[in-house]
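Per the UniProt record's numbering, the sequence shown runs over residues 1 to 360.
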Amino acid sequence: MTSVPATAVACVYEGVGKDIKIDEKHPVTQPQDLKAGEVLVKLEYSGVCHSDLHLWKGDFPFPLPFPLIGGHEGAGRIVAIGEGTDTSLKVGQPVGVKWVESTCMDVGCGFCSGGMDQHCLKAKMSGCMVDGTFRQYMASSAKYVTPIPENLPLEYAAPVLCAGVTSWGALKRSNTKPGDWVTISGAGGGLGHLAVQYALAIGLRVAAIDTGAEKRKLLESYGVDKFIDFRDYKDASEIIAAVKETCDGLGPHARPLASLTKPLLTEALQFLRPRGTLVAVALASNTKIEAELFGFIGKGLTIVGSYVGSRSDALEALDFVARGKVKPQVVVKPMREIQQVLETLEKGQVDGRLVLKLQD
Ligand SMILES: [Zn+2]
Ligand SMILES: [Zn+2]
Numbered sequence: 001m002t003s004v005p006a007t008a009v010a011c012v013y014e015g016v017g018k019d020i021k022i023d024e025k026h027p028v029t030q031p032q033d034l035k036a037g038e039v040l041v042k043l044e045y046s047g048v049c050h051s052d053l054h055l056w057k058g059d060f061p062f063p064l065p066f067p068l069i070g071g072h073e074g075a076g077r078i079v080a081i082g083e084g085t086d087t088s089l090k091v092g093q094p095v096g097v098k099w100v101e102s103t104c105m106d107v108g109c110g111f112c113s114g115g116m117d118q119h120c121l122k123a124k125m126s127g128c129m130v131d132g133t134f135r136q137y138m139a140s141s142a143k144y145v146t147p148i149p150e151n152l153p154l155e156y157a158a159p160v161l162c163a164g165v166t167s168w169g170a171l172k173r174s175n176t177k178p179g180d181w182v183t184i185s186g187a188g189g190g191l192g193h194l195a196v197q198y199a200l201a202i203g204l205r206v207a208a209i210d211t212g213a214e215k216r217k218l219l220e221s222y223g224v225d226k227f228i229d230f231r232d233y234k235d236a237s238e239i240i241a242a243v244k245e246t247c248d249g250l251g252p253h254a255r256p257l258a259s260l261t262k263p264l265l266t267e268a269l270q271f272l273r274p275r276g277t278l279v280a281v282a283l284a285s286n287t288k289i290e291a292e293l294f295g296f297i298g299k300g301l302t303i304v305g306s307y308v309g310s311r312s313d314a315l316e317a318l319d320f321v322a323r324g325k326v327k328p329q330v331v332v333k334p335m336r337e338i339q340q341v342l343e344t345l346e347k348g349q350v351d352g353r354l355v356l357k358l359q360d
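In structure tokens form, the structure reads like this:
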């Protein structure tokens with residue numbers, strides 16, 4: 001049995017936008033105190049998502065249970081399993097905790113038994129409704145933690161647990177098939193760079209929108225079919241024209257919305273070819289997608305909301321990374337720098353995904 005300390009480090013939000021407290025002596029659930037059905041995870045890395053920033057800043061349209069430990073992309077290893085837990089999980093096995101930390105998993109729940117568990121009415125969100133992954137130890141559900149392939153370094157697994165699953169889920173719901181075009185804006189960002197790689201891995205053609213030589217280089221290294229630097233165009237209508245020209249003169253078959261920059265959001269549907277699909281994934285409050293009805297109906301468009309992903313989406317998303325088909329770009333920072341990390345994210349000065357190293 002691995003020894004478990006009585007206390008460990010946790011990053012605690014004490015209120016909306018307040019300085020984040022580094023609690024050096026946060027109590028750790030002891031193995032004998034685990035409930036049946038729970039595992040204790042020694043977390044090694046946690047990705048930092050835009051939603052973490054929004055939650056800390058109070059941008060989501062509901063109150064949070066402060067004090068609250070943020071974070072929902074945690075990757076670590078099981079150090080204890082609650083007595084009486086019926087599970088195939090083993091002590092030492094790598095697992096992840098994602099945005100949906102647990103659901104009812106009852107056979108009578110159509111969402112949980114139908115592969116749509118993220119929509120379970122009893123779902124609990126990590127770092128939002130319950131304490132999250134910006135800490136060193138965490139008890140979680142043996143039925144709902146995500147097994148991580150043994151060969152996958154945990155700092156790469158972490159961002160897959162939200163950004164990767166969300167990207168993969170969006171593509172699965174994009175009504176596309178190999179050879180179809182997708183347009184991804186914010187393509188070099190935390191979500192975008194993963195969406196691009198998943199899209200290419202399943203044979204989609206990608207028109208990537210972002211800006212700057214660095215992002216161009218990164219995205220071209222993945223093999224995107226076209227890089228569109230939005231700063232080369234004077235407004236959204238010019239960008240749309242460039243995208244259409246790239247995509248057979250018609251526009252893409254689908255557009256996952258990985259980034260919510262205003263002009264491109266307002267014109268979101270105008271990118272699409274007839275019968276195209278807009279997949280909304282990135283969350284922001286007070287944000288609307290507007291559909292001009294003549295165009296929307298005349299082109300037979302679809303708008304799909306894609307909410308993170310299911311348990312099986314998470315397994316698939318990790319498998320792509322374990323097989324080397326998708327490689328997250330990560331910037332690893334010490335956990336005690338959480339506040340600076342969130343502030344960096346707010347300024348948008350990040351290439352790839354920020355990941356906190358949780359163990360000293
Ligand atoms: Zn997230
Ligand atoms: Zn359920």
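Idealized CB from N, CA, C, for every residue including glycine.
query                                                                                                               : result
Nearest candidate by alpha-carbon position, reference Gly-132, set Phe-66, Pro-149, Met-105                         : Phe-66
Range covered by the beta strand (DSSP E) that runs through Leu-318                                                 : Per DSSP, Leu-318 belongs to no beta strand (DSSP E); it is in the alpha helix (DSSP H), 311-322.
Contacting residues, own chain, Cβ-Cβ under 6 Å from Asn-175 (five flanking each side not counted)                  : Thr-277
Simplified DSSP assignment, three categories, for Pro-61                                                            : coil
Alpha carbon of Lys-226 to alpha carbon of Glu-220, nearest angstrom                                                : 8 Å
Rounded Cβ spacing between Glu-97 and Val-145 (contact assumed at less than 8 Å)                                    : According to the sequence as given, residue 97 is Val; it is not Glu. Their Cβ separation, rounded to whole angstroms, is 6 Å, which keeps Val-97 and Val-145 in contact under 8 Å.
Any 3 or more C-beta pairs closer than 8 Å across the segment 178-194 and the segment 203-212                       : yes
Any non-hydrogen atom of ligand 1 closer than 7 Å to Ser-51 Cβ                                                      : yes
Bounding residues of the alpha helix (DSSP H) (the contiguous stretch that carries Thr-166)                         : 165-172
Cβ-based burial, Gln-136 [other Cβ within 10 Å; buried from 16]                                                     : buried
Per-residue DSSP class, three states only, for Ser-237                                                              : helix
CB of Ala-80 within 8 Å of CB of Val-39, strictly                                                                   : yes
Outcome for Leu-293 when other beta-carbon atoms lying within 10 angstroms are tallied against a minimum of 16      : exposed
Within 8 Å, strictly: CB atoms of Ala-258 and Leu-191                                                               : yes
Residue nearest to Ser-239 in terms of C-alpha spacing, selected from Gly-305, Leu-260, Glu-214, Glu-267            : Note on residue identity: the sequence assigns Ile, not Ser, to residue 239. The residue with the shortest Cα to Cα distance from Ile-239 is Glu-267.
Cβ contact check for the segment 38-55 and the segment 112-122: 3 or more pairs under 8 Å                           : no
Within 8 Å, strictly: CB atoms of Ser-285 and Pro-94                                                                : no
DSSP state of Ala-6 mapped onto helix, strand, coil                                                                 : coil
First through last residue of the beta strand (DSSP E) which encompasses residue 365                                : Since the first residue of the chain shown is 1 and the last is 360, residue 365 is not available in this structure.
For Gly-189 and Ala-282, the rounded distance between their alpha carbons                                           : 12 Å
Residues near Leu-64 in its chain [Cβ-Cβ closer than 7 Å; skip 5 each side]                                         : Leu-55, Cys-128
Delimiting residues of the alpha helix (DSSP H) encompassing Gly-295                                                : 293-298
Close-in-space but distant-in-sequence residues of the same chain around Gly-305 (CB under 6 Å, 5 per side omitted) : Ala-280
Cα-Cα separation, Gly-251 to Leu-265                                                                                : 16 Å
Collapsed DSSP secondary structure at Leu-354 in the structure displayed                                            : strand
Residue range of the beta strand (DSSP E) that includes Trp-181                                                     : 181-185
Proximity test, Trp-99 beta-carbon vs ligand 1 heavy atom, cut-off 7 Å                                              : yes
Check: Ile-143 C-beta below 7 Å from any heavy atom of ligand 2                                                     : In the sequence under discussion, the amino acid at residue 143 is Lys, which differs from the Ile named in the question. Checking every heavy atom of ligand 2 against the Cβ of Lys-143, none is found closer than 7 Å.
Lys-207: first and last residue of the uninterrupted beta strand (DSSP E) it sits in                                : Here residue 207 is Ala; the residue named in the question, Lys, does not match the sequence. Note, Ala-207: beta strand (DSSP E), 205-210.
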